[in-house]
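As structure tokens, the structure follows; a few thoughts come after it.
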Amino acid sequence: MKLKTTLYIILFLLVNNQYTLPEGFVNVQEIIPDITVELKYYSTNNFVGDTITGYYANKLILTESTAKALKKVQEELQEQNLCLKVFDGYRPQQAVNHFMVWAKDLNDTINKQEFYPKVEKRHLFREEYIATRSGHSRGSTVDLTIINGNTGEALDMGSPYDFFGQESWVNYDGITLKQKQNRQLLQKVMIKHGFRNYAKEWWHFTLRGEPFPKTYFDFKIQ
917 MKLKTTLYII
927 LFLLVNNQYT
937 LPEGFVNVQE
947 IIPDITVELK
957 YYSTNNFVGD
967 TITGYYANKL
977 ILTESTAKAL
987 KKVQEELQEQ
997 NLCLKVFDGY
1007 RPQQAVNHFM
1017 VWAKDLNDTI
1027 NKQEFYPKVE
1037 KRHLFREEYI
1047 ATRSGHSRGS
1057 TVDLTIINGN
1067 TGEALDMGSP
1077 YDFFGQESWV
1087 NYDGITLKQK
1097 QNRQLLQKVM
1107 IKHGFRNYAK
1117 EWWHFTLRGE
1127 PFPKTYFDFK
1137 IQ
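Right, here's the structure in full:
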């Protein structure tokens, strides 16, 4: 009888498109309704060139504390008629595994020229652009940029998201003054509200004091 009841509950949730997140996680779009979300791994517009395992919805999932800190960032930027645009948040371990399998197939270089033109694919692990474990899977890391609040146009950061190369390093010197200023604006507002950056990716930030520093989750985004 208990088994039958459990099956009915599961069926009800599926039919009503309800999905319960693990404790401590939230759908960020419910906390920040006006945030722009464009998960690159839910699309084919990424370095792999395909939708990534574990991404079944364009839904931004993060730990609750990260979402609340991000809301403060959004509110401060809106004072300048600017907003956040997020490319990735929580990333299931199965997605990381997908990257690992892809990275070992040295013949699959369909998007090399766009995303890693100067890096040999076999060196992506060594150069720390891909790892067997990602901070994203802990739920408190986010990849994002700043957009114009009226037009939705992204500020020019000097390199595209997920571009593997020195051009994406936070302190890369070979960009224009305006591009440097845009990067520094992003760095300044994120750091102010409790995030730390990753020096090789201007878009990558992790919440300081993240609630699950040693736990790598694998639930799907759906």
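For our numbering, add 916 to where a residue sits in the sequence shown, where the first one is 1. Where a beta carbon is used, it is the ideal one built from N, C-alpha and C, also for glycine.
Reference Asn1066; option with closest CA among Leu937, Thr952, Phe941: Thr952
CB contact check: Val989 to chain B, cutoff 8 Å: Given the protein chain composition of this structure (a single chain), no chain B is represented.
Alpha-carbon to alpha-carbon, Lys975 and Thr967: 14 Å
Neighbour-count burial assignment, Tyr972, 16 or more Cβ in a 10 Å radius: exposed
Cross-strand partners of Tyr971 (DSSP beta bridge): Ile1137
At least three beta-carbon pairs within less than 8 Å, the region 1052-1060 to the region 1112-1122: yes
Pairwise C-alpha distance: Leu978 and Gly1005: 6 Å
Close beta carbons around Phe963, own chain, < 6 Å, minus the five adjacent residues each side: Asn1027, Phe1031, Asp1078
One or two residues paired with Asn1064 in a DSSP bridge: Leu998
Sufficient close CB pairs (3 or more, under 8 Å) joining the region 984-1003 to the region 937-957: yes
Leu927, DSSP secondary structure in three states: Confidence at Leu927 is low in this model, with a pLDDT of 41, below 50, so the placement of that residue is unreliable and no value is reported for it.
Unbroken alpha helix (DSSP H) run spanning His1014, endpoints: 1009-1020
Option in Lys1108, Met1106, Met1073, Leu986 with minimal Cα separation from Gly943: It should be pointed out that residue 943 corresponds to Asn in this sequence rather than to Gly. Taking only the C-alpha atoms, the option nearest Asn943 is Leu986.
Residue from Phe1015, Asp950, Ile1091 with nearest C-alpha to Asn997: Asp950
Limits of the unbroken beta strand (DSSP E) element including Asn1113: 1111-1114
Range of the contiguous beta strand (DSSP E) that encloses Glu1069: Looking at the DSSP string, Glu1069 is not in any beta strand (DSSP E), and its letter there is neither H nor E.
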